[in-house]
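Enquirer:
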Amino acid sequence: MAATERKKTFRFSEKREKEIAALRGRYEYPQGLIMPLLWMAQYDEGWVSPEAMETIAEICETSPAWVYSLATFYTMFELERPIRYQIQVCHNLSCSLNGSESILAHLEKKLGIRAGEATEDGRFRLSAVECLASCGSGPMMQVNTEYYEQLTPEKIDALLEEFGRD
Amino acid sequence: MIEQVRHLTARMGKNNSPTIESYRDDGGYETAMKALAMEPEEVIEVVKASGLRGRGGAGFPTGLKWTFLPKEREKTYLCVNADESEPGTFKDRLILDFDPHLLLEGILITCHALKSDHAFIYIRGEFCRPYRRLRDAVREAYDAGLFGDNVMGTGRTLHCTIHRGGGAYICGEETALLNSIEGKKGQPRIKPPFPTNHGLFGKSTVINNVETLANVPLILRDGAEEFRKYGTEKSPGTRLFGVSGHVNRPGVYEFPHGIRLIDLIEDACGGVRDGNALKAVIPGGSSVPILTADEARELILCFDACMAAGTMLGSAGVIVMDETTCMVKALDRLTHFYGHESCGQCTPCREGSGWIAEIVSKIASGSGTPADLDKLVDLGRQISGNTICVFSDAVSMPVTSFTTKFRSEFEDHVNGGVCVAKKTTAATA
Ligand SMILES: Cc1cc2nc3c(=O)[nH]c(=O)nc-3n(C[C@H](O)[C@H](O)[C@H](O)COP(=O)(O)O)c2cc1C
Ligand code: SF4
Ligand code: FES
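Which chain is which? The protein sequence lines are A and B, in order.
Going letter by letter, the first sequence gives residues 557 to 722 in the numbering used here.
Going letter by letter, the second sequence gives residues 89 to 517 in the numbering used here.
Shown next, in the form of structure tokens:
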């Protein structure tokens, strides 16, 4: 029985199952649970796999195609593979006025990738993103769930070192 | 020196300000207790009398909006707009991070006024710390019996559900927000029907911004008259101004409506950086018309004065630009953003915003022609109106105001590619 023959399946943990049960009553249509479940899957696994989308579709009484269309409309869902460090540099106006472009360039140089790309090992993805509502502390970026503000090249170097990379 | 008036921000900076304990130490939830003993209609009357206007962008009178709910209705939802994604706007995050219980008390009182038994808080997906703080605060409130099946011992039910967005600017538009909660793509709905009649899951729904609702406990605590002591006749109360860009001390400042923009910049924010000259200001988030330095010096920060000056107070996100700023590059940042964020339902908006982004980028790079500039100006005018939502106006206003008020800079870029500003920051070529 080769592992490849078995279809992989995705299941939420028991703890999640309880959370889902509690949320059910809050949404008049089961489809309302799609986004909360996409978030749970992404939080638990680092990405939303095709298998997770199938499971979510089943729970939400809809088609995997519908779940997929939402997962792509909402840009925050990671559909390719888990990424250890999602580095998102704001390049909207207020941050740009304070030099976000040179911050982005510095990161591109240090990581050896362009904005929009991931490193081959899947550890880092670098993106230029829109206003993150931290305009008074620009230039800024978000790495996974944390904000890093008033960035300088030195601060970035220190952070990358912390993330295990020069 | 103009002094901040700390009403909404009274508790900011205190240790443990996000916790229920700290909130209660400062008298938190006492107002809700008082309000829950009032008739819902009485609560609405107080909010109406206060003159409170929406802080999300449009400035619609809050109490009036609440009265649009039909008398006979099956169910009522309150949806809290915590999507805060308008570029240059960063004030709701402050409340979510540092005083989430102020918002929750506002929700509690508002739901009583609306006879609603369920509030959704739609929080933008990128907000992680604010989400955690809000989630913890909601849990504390449930544990304390403020939400649940016996709200404050009254036997009434009120649930509060946080729904996280997933990264789409347009979900800040109130009907797109409703679709998003329903598990659909966040695309605006055709109005009418209005949400008060046919909103979330087809039920009567009121949508209000975070800062709007954070004012509600203060109004009920101090009374409408006290609220009106600050601000102007038509823009009562204080406002959270988020100042960013080229000022020495950017940040969120609370002032009464009616202060002068120039005092906010010069006094509160320590003036323009490096002693540079002021060049332009966008006073209400990226979607409102830009002002020249001369116009900015005259501007009074209230809804009506901004309208009279040909701009809008919007979300009160004040973006300040100094003399080193290249206006073409600055517009490029914005049109790039709008080019990506159209939801695509209406042809003029979908095609127009993408096309505008391309042309501005071309002009900024120095390869634009006078014909491109003419096309840009035309597109800026044509895109607005005849669309499902006002996103198209949000694209039109920056394009039209930048190209009109800073016309010569755009002309310089298409006639030989000389850029007037030559310094080092990003929005400076
Ligand atoms: C494109 C677009 C984006 C918007 N984004 C937001 C937002 O991020 N936050 C917000 O509170 N209102 C936003 N609004 C305004 C809402 O549609 C709505 O007017 C507001 O939430 C109502 O609350 P208020 O009356 O308390 O201001 C947006 C509107 C449009 C057209
Ligand atoms: S105007 Fe633009 S954003 Fe609004 S509904 Fe139409 S296409 Fe979508
Ligand atoms: S412009 Fe960068 S956080 Fe708002």
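All C-beta atoms in this analysis are idealised placements derived from N, C-alpha and C, irrespective of residue type, glycine included.
My output table needs one value for A558/A: the three-state DSSP class, helix, strand or coil.
Expert: Here the model assigns A558/A a pLDDT of 47, short of 50, so the residue's position is not dependable, and the following value carries that caveat. Here A558/A sits in coil by DSSP.
Enquirer: Specify, as a first and last residue, the run of the beta strand (DSSP E) that H424/B falls within.
Expert: From DSSP, H424/B is part of no beta strand (DSSP E) but of the alpha helix (DSSP H) over 415 to 429.
Enquirer: Quick check: is any heavy atom of ligand 3 less than 8 Å from the C-beta of L688/A?
Expert: yes
Enquirer: Any contact between the segment 450 to 461 of chain B and the segment 254 to 271 of chain B? By contact I mean 3 or more CB pairs, one from each, below 8 Å.
Expert: no
Enquirer: Using the Cβ count rule (16 or more neighbours within 10 Å means buried), how would you classify T516/B?
Expert: With a pLDDT of 45 at T516/B, under the threshold of 50, the modelled position of this residue cannot be trusted; read the value that follows with caution. With 16 or more Cβ atoms within 10 Å of its Cβ, T516/B is classed as buried.
Enquirer: If you measure beta-carbon to beta-carbon, which residues of the segment 674 to 704 of chain A are closer than 9 Å to chain B?
Expert: V685, E686, C687, L688, A689, S690, C691, G692, S693, G694, P695, Q698, N700, T701, E702, Y703
Enquirer: What residues match up with D410/B in a beta bridge as DSSP calls it?
Expert: L366/B
Enquirer: By Cβ distance, which residues of its chain are closer than 6 Å to K163/B, with the 5 residues on each side in sequence left out?
Expert: K291
Enquirer: Please list the terminal residues of the continuous beta strand (DSSP E) segment that includes M697/A.
Expert: Its beta strand (DSSP E) spans residues 697 to 699.
Enquirer: Figure out for me which residue from I576/A, E607/A, D713/A, Y585/A has the closest Cα to the Cα of K665/A.
Expert: Selection I576/A, E607/A, D713/A, Y585/A evaluated against K665/A yields D713/A as nearest (Cα-Cα).
Enquirer: Report the residue ranges of all alpha helix (DSSP H) runs contained in full by the segment 592 to 670 of chain A; include only those spanning at least 4 residues, in chain order.
Expert: Runs of the alpha helix (DSSP H) inside the segment 592 to 670 of chain A: 606 to 615, 620 to 629, 649 to 653, 656 to 667.
Enquirer: Within 9 Å (strictly less), CB to CB, does M591/A reach chain B?
Expert: yes
Enquirer: What residues from chain B crowd round G672/A, counting only those whose CB sits closer than 8 Å?
Expert: Near G672/A there are no residues of chain B at all, since even the closest Cβ is about 13 Å away, more than 8 Å.
Enquirer: Quick one, which of K417/B, P436/B, C437/B has its alpha-carbon nearest V448/B's?
Expert: K417/B
Enquirer: With 9 Å set as the bound, which would you pick, yes or no: does the beta-carbon of D460/B sit closer than that to a beta-carbon of chain A?
Expert: Not an interface residue.
Enquirer: Grab me the residues of L401/B's own chain with a C-beta within less than 6 Å of its C-beta, minus the 5 sequence neighbours each way, in chain order.
Expert: Shown here for L401/B: same chain residues with a beta carbon closer than 6 Å to its own, the five before and five after excluded, namely G372, F391, C394 in chain order.
Enquirer: Can you list, in chain order, the residues of its chain whose CB lies under 8 Å from that of N169/B, leaving out five sequence neighbours each side?
Expert: G144, Y210, G260, E262, L265, I295, N296, N297, V298
Enquirer: Is there a Cβ of chain A sitting closer than 9 Å to that of T399/B, yes or no?
Expert: no
Enquirer: Going by the C-beta, is G339/B closer than 8 Å to any heavy atom of ligand 3?
Expert: no
Enquirer: Is it true that the segment 653 to 668 of chain A meets the segment 147 to 167 of chain B, where meeting means three or more beta-carbon pairs spaced less than 8 Å apart?
Expert: no
Enquirer: Relative to the C-alpha of I643/A, which candidate in T708/A, E584/A, M696/A, Y630/A has its C-alpha closest?
Expert: M696/A
Enquirer: For E584/A and chain B, any beta-carbon pair shorter than 9 Å?
Expert: By the rule that beta-carbons nearer than 9 Å mark a contact, E584/A touches chain B.
Enquirer: Name the one or two DSSP bridge partners that I209/B has.
Expert: V168/B, I250/B
Enquirer: Between P128/B and H200/B, is the Cβ-Cβ spacing less than 9 Å?
Expert: yes
Enquirer: Which whole-angstrom value describes the C-beta separation of S723/A and C691/A, a residue pair presumed to lie in contact below a C-beta threshold of 8 Å?
Expert: Not covered by the structure: residue 723/A. The range shown for chain A is 557 to 722.
Enquirer: CB R331/B to CB G319/B, shorter than 9 Å?
Expert: A quick correction: the sequence has Val, not Arg, at residue 331/B. Cβ atoms of V331/B and G319/B: not closer than 9 Å.
Enquirer: Listed in chain order, which residues of the segment 248 to 260 of chain B have Cβ atoms closer than 8 Å to some Cβ of chain A?
Expert: T249, H251, R252, G253, G254, G255, A256, Y257
Enquirer: Quick check: is the beta carbon of T618/A nearer than 9 Å to any beta carbon in chain B?
Expert: yes
Enquirer: Closer than 8 Å is the cut-off here; do at least three beta carbon pairs connect the segment 184 to 200 of chain B with the segment 700 to 708 of chain A?
Expert: no
Enquirer: Taking 8 Å as the cut-off, does the segment 100 to 115 of chain B touch the segment 278 to 286 of chain B (at least 3 CB pairs, one atom from each stretch)?
Expert: no
Enquirer: Using a Cβ cut-off of 8 Å, which residues of the segment 592 to 607 of chain A contact any Cβ in chain B, in chain order?
Expert: P592, L594, W595
Enquirer: Mind pulling the chain A residues with CB within less than 7 Å of G518/B?
Expert: Coverage of chain B is limited to positions 89 through 517, which leaves residue 518/B absent and any answer about it impossible.
Enquirer: By DSSP, does T708/A sit in helix, in strand, or in coil?
Expert: Taken through DSSP and simplified to helix, strand or coil, T708/A comes out as coil.
Enquirer: Could you check which residue in G241/B, S268/B, G504/B has the C-alpha nearest to that of G253/B?
Expert: S268/B
Enquirer: Please check the pair H247/B and R580/A, which I expect to be a contact at CB under 8 Å, by giving their CB distance rounded to whole angstroms.
Expert: Contact doesn't hold; Cβ gap of about 12 Å is too wide.
Enquirer: Using only CA atoms, which one of V134/B, R220/B, R327/B lies nearest to G95/B?
Expert: The residue asked about is misnamed: residue 95/B is His in this sequence, not Gly. Answer by Cα proximity: R327/B.
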